[in-house]
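Report on the following structure.
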Amino acid sequence: MPGRLPHPGHNPGRASAVKRLGILLLVVVLAGAGAAYWYATRTPSSPFDAAANVGPPTPLDRSEYVARLADCIACHSTSDGAPFAGGLKMGTPLGAIYSTNITPDRETGIGTYTLAQFDNAVRRGVAADGHRLYPAMPFPSYAKMSDADVKALYDYFMTHVQPVKQLNRTSEIRWPLDMRWPLAFWSGIYAGSDPFKPDAGKDELWNRGAYLVEGPGHCGSCHTPRGVAFDEVALDDGSSHYLGGAGLDGWYAPSLRGEQSIGLGRWSEADIVAFLKHGRNAHGVVFGSMTDAYNNSTQFMSDADLAAIAHYLKALPADPSRADRPWAYDAEAARTAAIGTTPAAAGARIFTARCSFCHGQDGRGQGQWLSPLAGTSSALAADSASMVNVVLNGSDRVVSGGVPDAYRMPPFRAQLSDAEIADMLTFVRSAWGNASTPVTADQVKDLRERSRPASSEAIVLQMR
Ligand code: HEC
Ligand code: HEC
Ligand code: HEC
Numbered sequence: 073m074p075g076r077l078p079h080p081g082h083n084p085g086r087a088s089a090v091k092r093l094g095i096l097l098l099v100v101v102l103a104g105a106g107a108a109y110w111y112a113t114r115t116p117s118s119p120f121d122a123a124a125n126v127g128p129p130t131p132l133d134r135s136e137y138v139a140r141l142a143d144c145i146a147c148h149s150t151s152d153g154a155p156f157a158g159g160l161k162m163g164t165p166l167g168a169i170y171s172t173n174i175t176p177d178r179e180t181g182i183g184t185y186t187l188a189q190f191d192n193a194v195r196r197g198v199a200a201d202g203h204r205l206y207p208a209m210p211f212p213s214y215a216k217m218s219d220a221d222v223k224a225l226y227d228y229f230m231t232h233v234q235p236v237k238q239l240n241r242t243s244e245i246r247w248p249l250d251m252r253w254p255l256a257f258w259s260g261i262y263a264g265s266d267p268f269k270p271d272a273g274k275d276e277l278w279n280r281g282a283y284l285v286e287g288p289g290h291c292g293s294c295h296t297p298r299g300v301a302f303d304e305v306a307l308d309d310g311s312s313h314y315l316g317g318a319g320l321d322g323w324y325a326p327s328l329r330g331e332q333s334i335g336l337g338r339w340s341e342a343d344i345v346a347f348l349k350h351g352r353n354a355h356g357v358v359f360g361s362m363t364d365a366y367n368n369s370t371q372f373m374s375d376a377d378l379a380a381i382a383h384y385l386k387a388l389p390a391d392p393s394r395a396d397r398p399w400a401y402d403a404e405a406a407r408t409a410a411i412g413t414t415p416a417a418a419g420a421r422i423f424t425a426r427c428s429f430c431h432g433q434d435g436r437g438q439g440q441w442l443s444p445l446a447g448t449s450s451a452l453a454a455d456s457a458s459m460v461n462v463v464l465n466g467s468d469r470v471v472s473g474g475v476p477d478a479y480r481m482p483p484f485r486a487q488l489s490d491a492e493i494a495d496m497l498t499f500v501r502s503a504w505g506n507a508s509t510p511v512t513a514d515q516v517k518d519l520r521e522r523s524r525p526a527s528s529e530a531i532v533l534q535m536r
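In structure tokens, the structure reads:
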């Protein structure tokens, strides 16, 4: 019958073709699901799977040094707990999680971990029982660590850390978001997978610096901006966003690239070394979450390693996508800002009463003891979180070589209202050539609610 095609369902040949196609699709879907399941639950391979690669134990001083470089203590200890017994609460966009017990206790810690299992946890984010770790554990950076350094860490934890019986706390992330297998895909997309490879075109000092910063030092976990999936947008110097400055946990870790205003453009290599070794230099004193990195890690780095880090950081060019006017001191700007009835003028009076005593009416601070506010990155960065936070909460004690700092930034949470802090910081950010964005009372209110006063106690986390 021309013009009338039979209904496909009535054509026996067609029907079996559709059925075959259906079966084929089902097989493909199942195979896909199987492959995905295999991918998400497989144990990655480690160079230490072969027992022959294990080698002799690492001497204590070297293994402890690697643990210092990687700052394992900062997250895996609490100020009132045993070293490496875990339990530190850490915020993630999905809810709070707790760091785990990594002492060699066989029941509650990592005492039964083989070197290959330890390697998979540290460099690939997979625990011994196969579950995936949240990237709050900085395995995307540790992936760059050398085999020798991973082995040194293992020897340190197994031989020199006291086993402590302390159960891990379960995370506060609720079902279904607490399922961990999707993290395998996250890792596949965002985490690094290969150890650091030296760049033959660069000198030895640069390569050592790159290794330390990108690998064990995991500086990017705070200083690199994050993408939609909480991923660091770059893990090495191949991108101009790497170490470009980022907000995390109520602090803003500024750019470590070559920008003249917001970055390290005005710092010399010697300035960087002094900051990481002594916690201070003529540009500033460590504060906020950098205090953790300084107190527990960078001050213990050798002079040679600090020189390498400084050399590498100074070679990172400014991000060309950022407008970058070099900062220059401008005494007139503070006088102009203080005139009239603007918020900045009201703020100038609060500054004189509350802050000038330490930071100087001219904003220049005092030597390397009291930070200058003129030209500091916390004032020039568009993100004002660090300034607001340090004024509300003060700063944790900077402990250098066992000696706590003599001067400390006091908290003003109880003395100043949101509006007063906003006006005063708007003045600071427009005085002395700072020419940055104003601060609003809402920004202060928001941070006031989600931050806490710094501790006035000098906290030094012991490793043994
Ligand atoms: C920035 C914080 C941070 C640092 C630094 C850090 N960790 Fe972790 N680590 C965590 C968190 C949080 C977890 C738990 C993650 C989870 O539950 O998914 C974890 C989990 C682990 C685990 C899995 C343990 C288990 O219970 O099975 C091991 C092993 C581990 N870390 C070792 C280390 C070592 C070794 C270092 C230093 C090289 C280190 N971590 C540095 C935060 C950190
Ligand atoms: C836990 C988060 C965190 C980690 C990890 C971290 N930093 Fe920082 N860093 C900060 C914050 C926040 C600031 C701003 C406060 C300050 O100046 O101390 C900062 C400031 C700095 C500054 C001063 C910049 C300026 O313009 O004032 C330097 C230099 C620096 N960090 C280097 C490093 C290096 C090198 C590493 C890795 C070895 C590192 N940081 C790791 C959070 C961190
Ligand atoms: C008792 C002395 C003292 C007073 C008063 C004081 N500060 Fe500070 N401030 C410090 C010290 C010391 C630091 C360096 C961090 C540390 O060691 O705690 C600091 C750091 C800072 C920083 C971080 C600087 C940087 O490197 O980016 C800012 C911002 C700041 N203070 C603002 C203020 C403001 C605003 C006031 C007035 C409301 C004020 N401070 C009052 C001592 C003081």
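Heads up: the sequence shown is residues 73 to 536, going by the working numbering.
Glycine residues also receive a C-beta, built at the ideal position from the N, C-alpha and C atoms.
All of these numbers come straight from a predicted model, not from anything done at the bench.
Confirm the yes/no value for this check: CB of residue i, any heavy atom of ligand 3, distance under 6 angstroms.
i	result
R114	no
S527	no
D490	no
R426	yes
M362	no
F347	no
M162	no
R407	no
Y479	yes
Hey, could you find the ends of the beta strand (DSSP E) residue i is sitting in?
i	result
T164	K161 to T164
A395	Note, A395: premise wrong, no beta strand (DSSP E); not H, not E.
A168	G167 to Y170
Y324	W323 to A325
Would residue i and residue j qualify as a contact pair, given that the criterion is a beta-carbon distance under 7 angstroms?
i	j	result
N353	Q440	yes
S361	W323	yes
F423	M496	yes
P288	G316	no
S443	I334	no
G466	P482	yes
V610	G351	Nothing can be reported for residue 610, as the shown portion of the chain is limited to 73 through 536.
L445	A451	yes
D396	Q332	yes
F499	A420	yes
P116	N125	no
K349	L378	yes
Which residues bound the alpha helix (DSSP H) around residue i?
i	result
A418	P415 to R426
G292	G292 to H295
L497	D490 to V500
T408	A403 to A409
Could you round the C-beta distance between residue i and residue j to whole angstroms and report it? I think they count as a contact, below 8 angstroms.
i	j	result
Q238	G158	7 angstroms
N240	Y170	7 angstroms
G447	W399	5 angstroms
W253	R196	Going by Cβ atoms, the distance from W253 to R196 rounds to 14 angstroms, so no, they are not a contact pair.
V305	H313	5 angstroms
L225	A380	So it is not a contact: roughly 20 angstroms between Cβ atoms.
G181	V236	7 angstroms
Please find out if some non-hydrogen atom of ligand 4 comes closer than 6 angstroms to the beta-carbon of residue i.
i	result
M230	Ligands in the displayed structure: ligand 1, ligand 2 and ligand 3; ligand 4 is not one of them.
Is residue i near ligand 2, in the sense that its beta carbon is under 6 angstroms from a heavy atom of that ligand?
i	result
C294	yes
P326	yes
C291	yes
W504	no
G356	yes
F359	yes
What are the partner residues of residue i, as DSSP defines its beta bridges?
i	result
V198	R204
S472	V475
D318	Note that residue 318 is Ala in the sequence shown here, rather than Asp. A318 is bridged to A325.
Q438	L442
N52	Since the first residue shown for the chain is 73 and the last is 536, residue 52 is missing from the structure and cannot be characterised.
With respect to 6 angstroms, is the separation between the Cβ of residue i and the closest non-hydrogen atom of ligand 1 below this value?
i	result
C147	yes
S151	no
D221	no
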